[in-house]
Amino acid sequence: MVKMTDSDENDNEFQDEEIENGHISSSLSPTHHPNASSTDEDEEELVGDFNIDLPTSHKYLGKLDDVGGYTLFDDGEVETLLGIDTGTLVLPGFTLPLILENVQESSLMQLYLKKWKVFVLLCADFQKPQEYFDYGVTMEALEVCIKSGILSLKARGRQRCQIISEVKPMLEKRIQTVTVKILPEYRVTSPLIDTQLYTLKMRRPFLCEDYADIKSIRRYRKYHAAQFTYPFWLYEEHEVCYYVKHILEALTKCFHMEYVPKDPMTLSYWVVQNYLLRYEERLQLLKQRTVIARLRLEMQYLKDNRWILCHSCSLPVGEQQHIIALSKDGIQNNYVNPGGYVYETITVIEVKNYMLVGRPSKQFSWFPGYAWTIMQCRQCKVHLGWKFTSNSLTPNVFYGLARSCVIIANDQSNSLH
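In terms of my numbering, the sequence shown has 136 at position 114, counting the first letter as 1, and numbering is strictly consecutive.
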(Lines of atoms letter the chains of each structure in order from A and count residues from 1; the text may use other names and numbers.)
(Lines give C-alpha, C1' and ligand atoms only; values in the text may rest on other atoms or scores of the structure.)
Protein backbone atom coordinates (compact mmCIF):
# COMPACT_ATOMS: atom_id res chain seq x y z
CA MET A 1 0.00 0.00 0.00
CA VAL A 2 1.33 3.43 -0.94
CA LYS A 3 1.27 6.12 1.75
CA MET A 4 -0.28 9.32 0.38
CA THR A 5 0.18 12.32 2.65
CA ASP A 6 0.79 14.96 0.02
CA SER A 7 -2.66 14.75 -1.57
CA ASP A 8 -3.55 18.42 -1.68
CA GLU A 9 -5.05 18.48 -5.15
CA ASN A 10 -8.53 20.05 -5.16
CA ASP A 11 -11.67 18.74 -6.78
CA ASN A 12 -13.81 21.77 -7.60
CA GLU A 13 -16.89 19.80 -8.58
CA PHE A 14 -18.89 21.87 -6.06
CA GLN A 15 -18.92 25.62 -5.64
CA ASP A 16 -17.45 26.81 -2.32
CA GLU A 17 -20.69 28.45 -1.25
CA GLU A 18 -22.57 25.17 -1.68
CA ILE A 19 -20.39 23.30 0.82
CA GLU A 20 -20.74 23.66 4.57
CA ASN A 21 -18.46 21.66 6.86
CA GLY A 22 -18.73 18.41 4.95
CA HIS A 23 -22.27 18.65 3.59
CA ILE A 24 -23.64 19.97 0.34
CA SER A 25 -26.29 22.44 1.43
CA SER A 26 -29.57 22.88 -0.38
CA SER A 27 -30.68 25.98 1.51
CA LEU A 28 -28.62 26.99 4.52
CA SER A 29 -25.06 28.13 3.85
CA PRO A 30 -22.72 29.35 6.61
CA THR A 31 -23.27 32.98 5.69
CA HIS A 32 -27.03 32.53 5.84
CA HIS A 33 -27.05 31.10 9.36
CA PRO A 34 -28.84 33.86 11.34
CA ASN A 35 -26.46 33.73 14.29
CA ALA A 36 -23.17 33.01 12.50
CA SER A 37 -20.33 35.08 13.92
CA SER A 38 -17.63 34.93 11.24
CA THR A 39 -17.12 35.02 7.50
CA ASP A 40 -14.08 34.94 5.25
CA GLU A 41 -14.01 38.74 5.17
CA ASP A 42 -14.50 39.73 8.80
CA GLU A 43 -12.45 37.00 10.54
CA GLU A 44 -9.92 38.67 12.83
CA GLU A 45 -6.32 37.63 12.13
CA LEU A 46 -4.90 35.50 14.96
CA VAL A 47 -1.14 35.08 15.36
CA GLY A 48 1.10 32.71 17.32
CA ASP A 49 0.23 29.50 19.13
CA PHE A 50 -3.42 28.53 18.80
CA ASN A 51 -5.45 29.25 21.94
CA ILE A 52 -6.95 25.87 22.86
CA ASP A 53 -9.58 27.58 25.03
CA LEU A 54 -11.32 28.85 21.87
CA PRO A 55 -12.89 25.62 20.48
CA THR A 56 -14.79 24.87 23.69
CA SER A 57 -16.39 28.33 23.57
CA HIS A 58 -18.04 27.44 20.21
CA LYS A 59 -17.97 31.08 19.12
CA TYR A 60 -19.03 30.09 15.61
CA LEU A 61 -22.56 29.81 17.07
CA GLY A 62 -22.57 33.57 17.58
CA LYS A 63 -23.73 35.39 20.71
CA LEU A 64 -25.66 33.11 23.06
CA ASP A 65 -27.55 34.13 26.19
CA ASP A 66 -26.48 32.55 29.49
CA VAL A 67 -29.44 30.77 31.09
CA GLY A 68 -27.52 29.91 34.30
CA GLY A 69 -28.19 27.09 36.75
CA TYR A 70 -26.53 23.83 37.75
CA THR A 71 -28.93 20.91 38.03
CA LEU A 72 -27.99 17.63 39.68
CA PHE A 73 -30.65 15.03 40.44
CA ASP A 74 -30.50 12.73 43.46
CA ASP A 75 -29.10 9.24 42.96
CA GLY A 76 -31.86 6.84 41.93
CA GLU A 77 -34.29 9.64 41.11
CA VAL A 78 -36.71 8.89 38.26
CA GLU A 79 -37.49 11.73 35.85
CA THR A 80 -39.37 12.13 32.57
CA LEU A 81 -37.29 14.33 30.29
CA LEU A 82 -36.86 15.17 26.64
CA GLY A 83 -34.32 12.93 24.89
CA ILE A 84 -32.36 13.76 21.74
CA ASP A 85 -30.30 11.57 19.43
CA THR A 86 -27.39 13.48 17.86
CA GLY A 87 -25.43 10.42 16.75
CA THR A 88 -22.61 11.37 19.14
CA LEU A 89 -21.57 10.64 22.71
CA VAL A 90 -20.93 13.24 25.41
CA LEU A 91 -19.73 12.33 28.90
CA PRO A 92 -20.40 14.26 32.13
CA GLY A 93 -18.30 17.42 32.18
CA PHE A 94 -18.10 17.83 28.40
CA THR A 95 -19.93 20.17 26.02
CA LEU A 96 -22.51 19.56 23.30
CA PRO A 97 -23.33 22.34 20.78
CA LEU A 98 -26.68 22.14 18.98
CA ILE A 99 -28.44 23.97 16.16
CA LEU A 100 -32.10 23.05 15.70
CA GLU A 101 -33.22 24.55 12.41
CA ASN A 102 -36.06 22.07 11.86
CA VAL A 103 -39.22 24.02 12.75
CA GLN A 104 -40.84 21.17 14.68
CA GLU A 105 -37.68 20.29 16.64
CA SER A 106 -36.87 23.93 17.38
CA SER A 107 -40.40 24.74 18.61
CA LEU A 108 -40.52 21.61 20.77
CA MET A 109 -37.16 22.32 22.40
CA GLN A 110 -37.95 26.02 22.93
CA LEU A 111 -41.18 25.14 24.71
CA TYR A 112 -39.40 22.50 26.80
CA LEU A 113 -36.55 24.83 27.84
CA LYS A 114 -39.05 27.27 29.34
CA LYS A 115 -39.77 24.65 32.03
CA TRP A 116 -36.63 22.49 32.12
CA LYS A 117 -33.02 23.09 31.23
CA VAL A 118 -32.07 19.40 31.44
CA PHE A 119 -32.54 16.89 28.63
CA VAL A 120 -31.09 13.45 27.85
CA LEU A 121 -28.56 12.48 25.19
CA LEU A 122 -29.58 9.14 23.67
CA CYS A 123 -27.09 6.67 22.16
CA ALA A 124 -27.74 3.97 19.56
CA ASP A 125 -27.14 0.41 20.78
CA PHE A 126 -24.04 -1.09 19.13
CA GLN A 127 -25.59 -4.59 19.19
CA LYS A 128 -29.08 -3.50 18.06
CA PRO A 129 -28.77 -0.32 15.94
CA GLN A 130 -32.56 -0.17 15.66
CA GLU A 131 -32.77 0.41 19.42
CA TYR A 132 -31.26 2.84 21.92
CA PHE A 133 -28.62 1.83 24.43
CA ASP A 134 -29.94 1.38 27.96
CA TYR A 135 -27.73 4.19 29.27
CA GLY A 136 -27.45 7.88 28.44
CA VAL A 137 -26.26 11.19 29.88
CA THR A 138 -28.28 14.11 31.21
CA MET A 139 -27.37 17.39 29.52
CA GLU A 140 -28.02 20.87 30.92
CA ALA A 141 -28.52 23.84 28.59
CA LEU A 142 -26.04 26.59 29.53
CA GLU A 143 -26.40 29.14 26.73
CA VAL A 144 -29.26 29.62 24.28
CA CYS A 145 -30.12 31.87 21.33
CA ILE A 146 -33.24 31.95 19.14
CA LYS A 147 -33.10 33.83 15.83
CA SER A 148 -35.38 33.47 12.82
CA GLY A 149 -36.93 30.41 14.46
CA ILE A 150 -33.57 28.62 14.66
CA LEU A 151 -32.46 27.49 18.12
CA SER A 152 -28.73 27.45 18.92
CA LEU A 153 -27.51 26.21 22.29
CA LYS A 154 -24.60 24.84 24.29
CA ALA A 155 -25.20 22.10 26.84
CA ARG A 156 -22.96 20.38 29.39
CA GLY A 157 -23.06 16.71 30.37
CA ARG A 158 -24.08 16.26 34.01
CA GLN A 159 -24.98 12.70 35.10
CA ARG A 160 -25.20 9.18 33.78
CA CYS A 161 -28.71 7.77 33.59
CA GLN A 162 -30.52 4.57 32.68
CA ILE A 163 -33.33 4.64 30.12
CA ILE A 164 -36.25 2.79 31.74
CA SER A 165 -39.00 3.61 29.23
CA GLU A 166 -39.33 1.93 25.85
CA VAL A 167 -38.04 4.21 23.13
CA LYS A 168 -36.80 3.39 19.62
CA PRO A 169 -34.91 5.44 17.03
CA MET A 170 -37.07 7.01 14.31
CA LEU A 171 -35.60 8.55 11.18
CA GLU A 172 -38.07 11.42 11.12
CA LYS A 173 -37.98 12.10 14.86
CA ARG A 174 -34.74 12.43 16.85
CA ILE A 175 -36.39 14.15 19.85
CA GLN A 176 -38.58 12.00 22.11
CA THR A 177 -39.86 11.92 25.68
CA VAL A 178 -38.03 9.37 27.85
CA THR A 179 -38.16 8.23 31.45
CA VAL A 180 -34.76 7.84 33.08
CA LYS A 181 -33.26 6.77 36.39
CA ILE A 182 -30.28 8.78 37.62
CA LEU A 183 -27.30 6.52 38.27
CA PRO A 184 -25.13 7.00 41.35
CA GLU A 185 -21.38 7.41 41.15
CA TYR A 186 -20.08 4.96 43.72
CA ARG A 187 -16.67 5.92 45.07
CA VAL A 188 -14.71 2.83 46.08
CA THR A 189 -12.44 3.28 49.09
CA SER A 190 -9.38 1.24 50.03
CA PRO A 191 -10.20 -2.46 50.63
CA LEU A 192 -8.09 -2.31 53.80
CA ILE A 193 -9.60 0.81 55.35
CA ASP A 194 -12.59 -0.93 56.96
CA THR A 195 -10.39 -3.63 58.52
CA GLN A 196 -8.42 -1.14 60.62
CA LEU A 197 -9.17 -0.43 64.25
CA TYR A 198 -10.44 3.10 64.77
CA THR A 199 -7.43 4.06 66.87
CA LEU A 200 -5.05 2.91 64.12
CA LYS A 201 -7.03 4.80 61.47
CA MET A 202 -6.34 7.99 63.36
CA ARG A 203 -2.60 7.30 63.64
CA ARG A 204 -1.82 5.70 60.30
CA PRO A 205 -4.72 5.71 57.80
CA PHE A 206 -4.58 3.28 54.89
CA LEU A 207 -6.77 5.47 52.67
CA CYS A 208 -4.45 6.88 49.99
CA GLU A 209 -5.35 9.39 47.29
CA ASP A 210 -2.01 9.12 45.52
CA TYR A 211 0.05 6.05 44.67
CA ALA A 212 3.11 7.68 46.25
CA ASP A 213 1.25 7.58 49.58
CA ILE A 214 0.86 3.81 49.26
CA LYS A 215 4.59 3.40 48.68
CA SER A 216 5.37 5.41 51.81
CA ILE A 217 3.26 3.14 54.06
CA ARG A 218 3.61 -0.12 52.11
CA ARG A 219 5.43 -1.88 54.94
CA TYR A 220 2.58 -1.25 57.40
CA ARG A 221 -0.06 -2.22 54.84
CA LYS A 222 1.83 -5.44 54.17
CA TYR A 223 1.91 -6.34 57.86
CA HIS A 224 -1.80 -5.62 58.14
CA ALA A 225 -2.73 -7.63 55.03
CA ALA A 226 -0.80 -10.67 56.28
CA GLN A 227 -3.74 -11.63 58.54
CA PHE A 228 -5.99 -12.19 55.50
CA THR A 229 -6.16 -14.98 52.92
CA TYR A 230 -5.45 -13.02 49.76
CA PRO A 231 -1.95 -11.94 48.69
CA PHE A 232 -0.91 -8.34 49.36
CA TRP A 233 -0.63 -7.35 45.69
CA LEU A 234 -4.32 -8.09 45.19
CA TYR A 235 -5.29 -5.41 47.70
CA GLU A 236 -2.95 -2.98 46.02
CA GLU A 237 -4.65 -3.57 42.68
CA HIS A 238 -8.00 -2.63 44.20
CA GLU A 239 -6.82 0.87 45.07
CA VAL A 240 -8.23 3.57 42.79
CA CYS A 241 -4.90 5.42 42.78
CA TYR A 242 -3.21 2.28 41.39
CA TYR A 243 -5.26 2.58 38.19
CA VAL A 244 -4.93 6.36 38.02
CA LYS A 245 -1.13 6.00 38.13
CA HIS A 246 -0.98 3.39 35.35
CA ILE A 247 -3.50 5.18 33.11
CA LEU A 248 -1.65 8.49 33.41
CA GLU A 249 1.61 6.73 32.54
CA ALA A 250 0.00 5.15 29.45
CA LEU A 251 -1.47 8.49 28.31
CA THR A 252 1.92 10.23 28.37
CA LYS A 253 2.80 8.33 25.17
CA CYS A 254 0.14 10.18 23.16
CA PHE A 255 -1.01 13.23 25.13
CA HIS A 256 0.40 16.40 26.62
CA MET A 257 -0.53 15.94 30.27
CA GLU A 258 -1.20 19.57 31.17
CA TYR A 259 -4.95 19.25 30.63
CA VAL A 260 -5.37 15.59 31.59
CA PRO A 261 -7.31 15.47 34.90
CA LYS A 262 -5.91 13.64 37.92
CA ASP A 263 -9.20 13.18 39.78
CA PRO A 264 -10.25 9.50 39.35
CA MET A 265 -13.86 10.15 38.30
CA THR A 266 -13.03 13.03 35.96
CA LEU A 267 -10.16 11.01 34.46
CA SER A 268 -12.43 8.01 33.85
CA TYR A 269 -14.78 10.19 31.77
CA TRP A 270 -11.91 12.01 30.07
CA VAL A 271 -10.53 8.73 28.73
CA VAL A 272 -13.93 7.73 27.30
CA GLN A 273 -14.28 11.13 25.64
CA ASN A 274 -10.72 11.40 24.31
CA TYR A 275 -8.96 8.09 23.81
CA LEU A 276 -9.30 6.29 20.46
CA LEU A 277 -11.91 3.78 21.58
CA ARG A 278 -14.37 1.87 19.44
CA TYR A 279 -18.04 2.83 19.86
CA GLU A 280 -18.93 -0.39 21.67
CA GLU A 281 -16.00 0.07 24.06
CA ARG A 282 -17.21 3.57 24.95
CA LEU A 283 -20.73 2.33 25.68
CA GLN A 284 -19.38 -0.48 27.85
CA LEU A 285 -17.50 2.12 29.89
CA LEU A 286 -20.59 4.31 30.15
CA LYS A 287 -22.53 1.51 31.87
CA GLN A 288 -19.87 0.65 34.49
CA ARG A 289 -21.27 1.15 38.00
CA THR A 290 -18.14 2.37 39.77
CA VAL A 291 -15.14 4.56 39.05
CA ILE A 292 -12.71 1.73 39.73
CA ALA A 293 -14.56 -0.61 37.33
CA ARG A 294 -14.36 2.07 34.63
CA LEU A 295 -10.66 2.70 35.26
CA ARG A 296 -9.86 -1.01 35.32
CA LEU A 297 -11.51 -1.56 31.94
CA GLU A 298 -9.85 1.54 30.50
CA MET A 299 -6.44 0.27 31.57
CA GLN A 300 -7.09 -2.87 29.53
CA TYR A 301 -8.14 -0.82 26.49
CA LEU A 302 -5.03 1.37 26.74
CA LYS A 303 -2.81 -1.66 26.14
CA ASP A 304 -4.00 -2.01 22.53
CA ASN A 305 -2.50 -0.26 19.53
CA ARG A 306 -5.07 1.86 17.66
CA TRP A 307 -5.59 2.88 14.04
CA ILE A 308 -8.08 5.16 12.30
CA LEU A 309 -9.67 3.68 9.16
CA CYS A 310 -12.15 4.89 6.57
CA HIS A 311 -15.62 3.77 7.66
CA SER A 312 -16.59 2.78 4.12
CA CYS A 313 -13.57 0.93 2.71
CA SER A 314 -11.33 0.41 5.81
CA LEU A 315 -8.38 2.19 4.20
CA PRO A 316 -5.99 3.44 6.94
CA VAL A 317 -6.13 7.22 7.28
CA GLY A 318 -4.53 7.95 10.67
CA GLU A 319 -2.52 6.57 13.57
CA GLN A 320 -2.65 6.96 17.31
CA GLN A 321 0.73 8.70 17.61
CA HIS A 322 -0.46 11.53 15.35
CA ILE A 323 -3.37 12.74 17.51
CA ILE A 324 -3.06 16.31 18.81
CA ALA A 325 -5.11 18.27 21.35
CA LEU A 326 -6.38 21.52 19.82
CA SER A 327 -8.91 22.00 22.63
CA LYS A 328 -8.51 22.09 26.40
CA ASP A 329 -11.07 19.25 26.53
CA GLY A 330 -8.74 17.01 24.51
CA ILE A 331 -8.48 15.53 21.02
CA GLN A 332 -12.11 14.57 20.54
CA ASN A 333 -14.92 17.12 20.75
CA ASN A 334 -18.40 17.76 19.41
CA TYR A 335 -19.05 20.52 16.88
CA VAL A 336 -22.16 21.41 14.90
CA ASN A 337 -22.50 22.67 11.33
CA PRO A 338 -25.06 25.30 10.20
CA GLY A 339 -27.49 22.58 9.13
CA GLY A 340 -27.60 21.21 12.69
CA TYR A 341 -25.53 18.08 12.08
CA VAL A 342 -23.31 17.30 15.09
CA TYR A 343 -19.83 15.93 14.39
CA GLU A 344 -17.64 14.30 16.98
CA THR A 345 -14.24 15.28 15.63
CA ILE A 346 -10.78 13.78 16.25
CA THR A 347 -7.89 16.21 15.72
CA VAL A 348 -4.67 14.77 14.26
CA ILE A 349 -1.47 16.33 12.96
CA GLU A 350 -0.98 13.87 10.08
CA VAL A 351 -3.30 11.81 7.87
CA LYS A 352 -2.88 9.73 4.71
CA ASN A 353 -4.90 8.38 1.80
CA TYR A 354 -7.10 11.46 1.39
CA MET A 355 -8.00 14.05 -1.23
CA LEU A 356 -9.37 17.58 -0.88
CA VAL A 357 -12.64 18.94 -2.25
CA GLY A 358 -13.36 22.63 -2.78
CA ARG A 359 -11.44 25.69 -1.63
CA PRO A 360 -10.41 26.68 1.93
CA SER A 361 -13.02 28.70 3.83
CA LYS A 362 -13.09 30.40 7.24
CA GLN A 363 -16.87 30.61 7.28
CA PHE A 364 -18.34 29.00 10.42
CA SER A 365 -14.89 27.63 11.33
CA TRP A 366 -14.83 25.58 14.52
CA PHE A 367 -11.22 26.64 15.11
CA PRO A 368 -10.99 30.47 14.97
CA GLY A 369 -8.23 31.65 12.65
CA TYR A 370 -8.19 28.45 10.59
CA ALA A 371 -9.70 27.81 7.18
CA TRP A 372 -11.27 24.42 6.55
CA THR A 373 -11.26 22.29 3.40
CA ILE A 374 -13.31 19.12 2.99
CA MET A 375 -11.42 15.81 2.94
CA GLN A 376 -12.50 12.64 1.17
CA CYS A 377 -11.12 9.12 1.17
CA ARG A 378 -8.82 8.73 -1.82
CA GLN A 379 -10.10 5.22 -2.52
CA CYS A 380 -13.90 5.34 -2.05
CA LYS A 381 -14.43 9.15 -2.15
CA VAL A 382 -16.59 9.30 1.01
CA HIS A 383 -16.33 12.21 3.43
CA LEU A 384 -13.60 11.85 6.09
CA GLY A 385 -13.37 15.27 7.72
CA TRP A 386 -11.56 18.56 7.17
CA LYS A 387 -8.09 19.94 6.68
CA PHE A 388 -7.53 23.10 8.77
CA THR A 389 -4.89 25.59 7.60
CA SER A 390 -3.54 28.94 8.81
CA ASN A 391 -0.64 31.14 7.70
CA SER A 392 -0.29 32.84 11.09
CA LEU A 393 -1.09 30.19 13.72
CA THR A 394 0.84 27.23 15.08
CA PRO A 395 0.33 24.51 14.03
CA ASN A 396 -0.08 25.72 10.45
CA VAL A 397 -1.90 22.54 9.45
CA PHE A 398 -3.93 19.91 11.26
CA TYR A 399 -6.86 17.66 10.40
CA GLY A 400 -10.27 17.02 11.92
CA LEU A 401 -11.58 13.50 11.29
CA ALA A 402 -15.34 13.06 11.68
CA ARG A 403 -15.85 10.11 13.99
CA SER A 404 -19.01 9.10 12.12
CA CYS A 405 -16.90 8.75 8.95
CA VAL A 406 -14.09 6.63 10.41
CA ILE A 407 -13.74 3.50 12.48
CA ILE A 408 -11.24 2.77 15.24
CA ALA A 409 -9.40 -0.52 14.91
CA ASN A 410 -7.25 -2.19 17.56
CA ASP A 411 -5.15 -5.34 17.90
CA GLN A 412 -8.27 -7.48 18.43
CA SER A 413 -10.28 -5.83 15.65
CA ASN A 414 -11.17 -7.54 12.40
CA SER A 415 -11.38 -4.19 10.58
CA LEU A 416 -7.66 -3.89 9.85
CA HIS A 417 -6.56 -5.50 6.61
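All C-beta atoms in this analysis are idealised placements derived from N, C-alpha and C, irrespective of residue type, glycine included.
Following the DSSP letters along the chain, one finds Lys267 inside the alpha helix (DSSP H) bounded by residues Val262 to Leu273. Judged by DSSP in its simplified three-state form, Lys203 adopts strand. Here Arg300 is buried, its C-beta having at least 16 other C-beta atoms within 10 Å.
Using a Cβ distance threshold of 8 Å, Asn432 and Asn327 count as a contacting pair. One thing to note: Lys190 has its Cβ within 8 Å of the Cβ of Glu153. In this structure, the CA atom of Gln126 is about 42 Å from the CA atom of Phe277.
With fewer than 16 other Cβ atoms inside 10 Å of its own Cβ, Leu94 counts as exposed. Taking 8 Å as the cut-off, the beta carbon of Val159 is found no closer than this to the beta carbon of Gly105.
Straight-line spacing of the CA atoms in Glu101 and Pro382 works out to 46 Å.
Three or more beta-carbon pairs separated by less than 8 Å are not found between the region 266 to 274 and the region 327 to 347, which leaves the two stretches without contact. If you ignore the 5 residues before and after Gly391, its C-beta comes within less than 6 Å of the C-beta of Leu68, Ser412 and Leu415, all in its own chain and listed in chain order.
Taking 8 Å as the cut-off, the beta carbon of Lys139 is found closer than this to the beta carbon of Gly91. In this structure, Val339 keeps its C-beta atom at 8 Å or more from the C-beta atom of Gly109.
Glu303 counts as buried, since no fewer than 16 other beta carbons sit within 10 angstroms of its beta carbon.
For Pro382, the enclosing beta strand (DSSP E) stretches over residues Tyr376 to Ser383. At the C-beta level, Ile353 and Asn418 stay beyond 8 Å of one another. The beta carbon of Cys332 sits closer than 6 Å to the beta carbons of Val339 and Cys399 from its chain, once the five residues preceding and following it are set aside; these are given in chain order. Residue state for Ile371 is assigned as coil, using DSSP reduced to three classes.
Boundaries of the alpha helix (DSSP H) harbouring Met321: Val313 to Tyr323, taken from the DSSP string. For Phe116 and Thr251, the gap between their C-alpha atoms comes out near 43 Å.
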